[in-house]
Amino acid sequence: METYSTNNNPSVVSDYDVFGQSIMVRGSEALKMLGLSRHNLERCVENGYIRKIASNDVFLYDETDIQKFMNTKTYHEMLNGVVDKRNSLNDLTGKEWIPETKSYMFQKGLGASHPHAQIEKQHPAPFSFQDIESLVKFFTKTGMSVLDPFGGVGSTAKACELLGRICTSIELSEKYHNLSIERLESEVGKGASKHHNLINGDSCVILPQVASNSIDFIVTSPPYWGILHKQDQKVKKNRVQYNLDTQYSDDANDLGNIENYEQFLTILCDRIFLQCGRILRKGKYMAIIVSDFRDKGDFISFHSDLIQRLNKATLPEGGVLSLQGTKVLIQNHKSLHPYGYPFSYVENIHHQYILIFRKK
Ligand SMILES: C[S@@+](CC[C@H](N)C(=O)[O-])C[C@H]1O[C@@H](n2cnc3c(N)ncnc32)[C@H](O)[C@@H]1O
Numbered sequence: 007m008e009t010y011s012t013n014n015n016p017s018v019v020s021d022y023d024v025f026g027q028s029i030m031v032r033g034s035e036a037l038k039m040l041g042l043s044r045h046n047l048e049r050c051v052e053n054g055y056i057r058k059i060a061s062n063d064v065f066l067y068d069e070t071d072i073q074k075f076m077n078t079k080t081y082h083e084m085l086n087g088v089v090d091k092r093n094s095l096n097d098l099t100g101k102e103w104i105p106e107t108k109s110y111m112f113q114k115g116l117g118a119s120h121p122h123a124q125i126e127k128q129h130p131a132p133f134s135f136q137d138i139e140s141l142v143k144f145f146t147k148t149g150m151s152v153l154d155p156f157g158g159v160g161s162t163a164k165a166c167e168l169l170g171r172i173c174t175s176i177e178l179s180e181k182y183h184n185l186s187i188e189r190l191e192s193e194v195g196k197g198a199s200k201h202h203n204l205i206n207g208d209s210c211v212i213l214p215q216v217a218s219n220s221i222d223f224i225v226t227s228p229p230y231w232g233i234l235h236k237q238d239q240k241v242k243k244n245r246v247q248y249n250l251d252t253q254y255s256d257d258a259n260d261l262g263n264i265e266n267y268e269q270f271l272t273i274l275c276d277r278i279f280l281q282c283g284r285i286l287r288k289g290k291y292m293a294i295i296v297s298d299f300r301d302k303g304d305f306i307s308f309h310s311d312l313i314q315r316l317n318k319a320t321l322p323e324g325g326v327l328s329l330q331g332t333k334v335l336i337q338n339h340k341s342l343h344p345y346g347y348p349f350s351y352v353e354n355i356h357h358q359y360i361l362i363f364r365k366k
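Using my numbering, read the sequence shown as starting at 7 and increasing by one per residue.
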């Protein structure tokens, strides 16, 4: 067999050689492509998945065989392991499951100039559909149901569409509701919005109509009281300059427009989250994404106030919500502001909390 090295300098070892129709690669390149151990590469050869030949004292592997093998279930299982038969929570293997149990994650995003960030940008406080994807993947199996009672511009619905889950998303503002439909149709595919239940309405009214024990996972981010009304002038000015909303709506049913903080917490917990708990199937999870914030000189620990009210709270038709963890969502990309300098400690809040409750 004739060997054609792709490298013109014979003293330098090339990773590629051509044998007739086949491109053959050296072991190091094959291992790089596959991400497997040498032992597993040899198992693939023994089992007839990848052709191996000896040439000029080196072993070479068929690149086309490698590429074909990488599309097989056997390869996926070799790389990630298999899904445990007893796993009724998600479709993850042990190797995929364990890293997801870390108590922190870094916020992902498309970047402001990405074509698929343009609808999202019209909302003053969207979460990243990629972060929600990780949660949906962990807390559901394909085909399961997900609810977001504060749907915004459909980030949860988009994550569900991409992962083959069914989303019920409730949003008070007609503008954001319409944008969420447009987002699914334009960013995921024509007809995508029809796979989900996108509702324009007040969750305080709609949730009591949803059947008990009917949803597999709830993930949401509520209004952070009236924080958008109080926001930093600089932040507000940046959005106004681009004709973008600085608050959700003027609607009296918008929870972001309740003036008193205690009253806001009561409505949010009693009328939204305890109802969500009733709707959740037994043993299933609810993830609430929130941040702490400042109100004038006070630091409001919103996440801790929610935990105080919701942990061990009794649900309308029985059962309790039980806190399982608080995952920190790190927002490393945010700009730093010189708040308080040079007089006092005023925090740049660059993280959110994901409060994870389970219905017991
Ligand atoms: C933090 S945002 C959610 C953003 C959403 N996660 C996204 O990525 O687009 C909160 C949303 O709750 C909506 N909202 C406020 N009060 C509501 C209510 N009573 N019922 C339903 N939605 C409400 C607001 O209009 C706003 O879009």
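Beta carbons: idealized from backbone N, C-alpha and C, even for Gly.
Where the alpha helix (DSSP H) through residue i begins and ends
{"i": "V142", "result": "135 to 145"}
{"i": "I313", "result": "308 to 316"}
{"i": "I285", "result": "280 to 285"}
{"i": "R277", "result": "Careful: R277 lies outside any alpha helix (DSSP H) and carries neither H nor E."}
{"i": "I205", "result": "First-last for I205: 203 to 206, but that is the beta strand (DSSP E), not the alpha helix (DSSP H)."}
{"i": "E167", "result": "161 to 169"}
{"i": "E102", "result": "100 to 103"}
{"i": "R189", "result": "180 to 189"}
{"i": "L361", "result": "Taken as a continuous stretch (DSSP letters only), L361 belongs to no alpha helix (DSSP H), being part of the beta strand (DSSP E) at 357 to 365."}
{"i": "I212", "result": "209 to 212"}
heavy atom of ligand 1 below 8 angstroms from residue i C-beta
{"i": "N203", "result": "no"}
{"i": "T162", "result": "yes"}
{"i": "S227", "result": "yes"}
{"i": "C50", "result": "no"}
{"i": "F305", "result": "no"}
{"i": "F308", "result": "no"}
{"i": "Y351", "result": "no"}
{"i": "N53", "result": "no"}
{"i": "N46", "result": "no"}
{"i": "H357", "result": "no"}
{"i": "I187", "result": "no"}
{"i": "A131", "result": "yes"}
Simplified DSSP state of residue i, which is helix, strand or coil
{"i": "Q124", "result": "coil"}
{"i": "H339", "result": "coil"}
{"i": "E8", "result": "Low per-residue confidence applies at E8: pLDDT is 32, beneath 50, and the placement is therefore not dependable, though the value from the model is reported in the following sentence. In this structure, E8 counts as coil in the three-state DSSP scheme."}
{"i": "A198", "result": "helix"}
{"i": "T6", "result": "Only positions 7 to 366 of the chain appear in this structure, which leaves residue 6 out of reach."}
{"i": "G232", "result": "coil"}
{"i": "F112", "result": "strand"}
{"i": "K288", "result": "strand"}
{"i": "T80", "result": "helix"}
{"i": "L95", "result": "coil"}
{"i": "Y351", "result": "coil"}
{"i": "V64", "result": "strand"}
{"i": "N13", "result": "Low confidence applies to N13: its pLDDT is 39, below 50, so where it sits in the model is not reliable, and the reading given next is rough at best. DSSP places N13 in coil when its eight states are reduced to three."}
Reference residue i; option with closest CA among the options
{"i": "D71", "options": "D97, I29, L85", "result": "I29"}
{"i": "T174", "options": "P155, L168, D276, L190", "result": "P155"}
{"i": "V296", "options": "L153, T332, I285, R277", "result": "T332"}
{"i": "L98", "options": "K58, T148, S192", "result": "T148"}
{"i": "L342", "options": "R284, I224, H356", "result": "H356"}
{"i": "E106", "options": "R364, V334, A36", "result": "V334"}
{"i": "R287", "options": "K181, G325, L178, H339", "result": "G325"}
{"i": "I125", "options": "V159, S199, V225", "result": "V159"}
{"i": "F223", "options": "D276, K143, K200, D260", "result": "K143"}
{"i": "R277", "options": "F299, Y291, D208", "result": "D208"}
{"i": "A319", "options": "T272, F75, E35", "result": "T272"}
{"i": "N244", "options": "K127, T226, P229, S350", "result": "K127"}
{"i": "H235", "options": "Y55, L261, C210", "result": "L261"}
Any non-hydrogen atom of ligand 2 within 8 angstroms of residue i CB
{"i": "P214", "result": "In the structure on display, ligand 2 does not appear, and the ligands it does have are ligand 1."}
Limits of the beta strand (DSSP E) - the one that residue i falls within
{"i": "D71", "result": "No beta strand (DSSP E) contains D71, which is instead part of the alpha helix (DSSP H) from 69 to 75."}
{"i": "A60", "result": "58 to 61"}
{"i": "Q253", "result": "First-last for Q253: undefined, no H or E at that position."}
{"i": "V152", "result": "151 to 154"}
{"i": "L37", "result": "It is not in any beta strand (DSSP E) - L37 instead sits in the alpha helix (DSSP H) that spans 33 to 40."}
{"i": "S175", "result": "172 to 177"}
Original post:
Just checking, does the segment 86 to 104 make contact with the segment 207 to 220 on the three C-beta pairs under 8 angstroms criterion?
Top reply: no
**OP:** Say whether the segment 61 to 68 touches the segment 31 to 49, bearing in mind that this needs 3 or more beta-carbon pairs closer than 8 angstroms, one atom from each stretch.
**Re:** yes
**OP:** Inspect the CB distances between the segment 246 to 265 and the segment 137 to 145 and report whether three or more fall short of 8 angstroms.
**Re:** The segment 246 to 265 vs the segment 137 to 145: no contact.
Subject >> Contact the segment 196 to 208 vs the segment 157 to 166: 3+ CB pairs below 8 angstroms >> reply: At 8 angstroms Cβ cutoff, the stretches touch.
Original post:
Okay, do the segment 170 to 188 and the segment 106 to 119 touch, 3+ Cβ pairs below 8 angstroms being the bar?
Top reply: no
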